[in-house]
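Residue numbers (full-length UniProt numbering): 1 to 178.
Okay, so here's the structure we're looking at.
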């Protein structure tokens, strides 16, 4: 168990030293080891070989730093680009909300609200009922007039029949003054 703790501690320290996990600790340790080997080299040829190895490692480190800086700059530009796109999207959304509100306003102006429409429908219903009542009364009166006309016609026909039965009443007067 103690050994597991030590292993965990070693891994944790290694991760802390390693930074973002790109092998930074190795890049630091390798030049240090190369420098120590160069200092301890016995012959000039071995020293020159160690010197070339150190230069190669330094060039690799410089290349890595340059690459990291380029990536960093690229990330900054991308962040600026994303912020610009984000602001454009926000403006588009705000514009869309304004357009939706304007369209709603136009629709509400074009169509009266429900309360007004119901009032108008109720008024029209009352007017229709009133007109139906007037029409019914008018028909009743027309029927009454027709009925009266029919009764008068029957009365006249009855009177005509009675007159035709009395020939004396239907004859013209014999004496004419004139």
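Positions of the beta carbon are idealized from the N, C-alpha and C atoms, including for glycine.
Boundaries of the alpha helix (DSSP H) in which residue 159 is found, first to last residue: 114–165
Buried or exposed (CB count within 10 angstroms, at least 16 for buried), residue 50: buried
Continuous alpha helix (DSSP H) stretch holding residue 64: start and end: 44–110
Three-way DSSP call (helix, strand, coil) for residue 41 in this model: coil
CB contact flag (residue 57, residue 30, <8 Å): yes
Contact belief for residue 61 with residue 34 at Cβ below 8 Å, rounded distance in angstroms: In fact, because the Cβ distance is near 11 Å, the residues do not count as touching under 8 Å.
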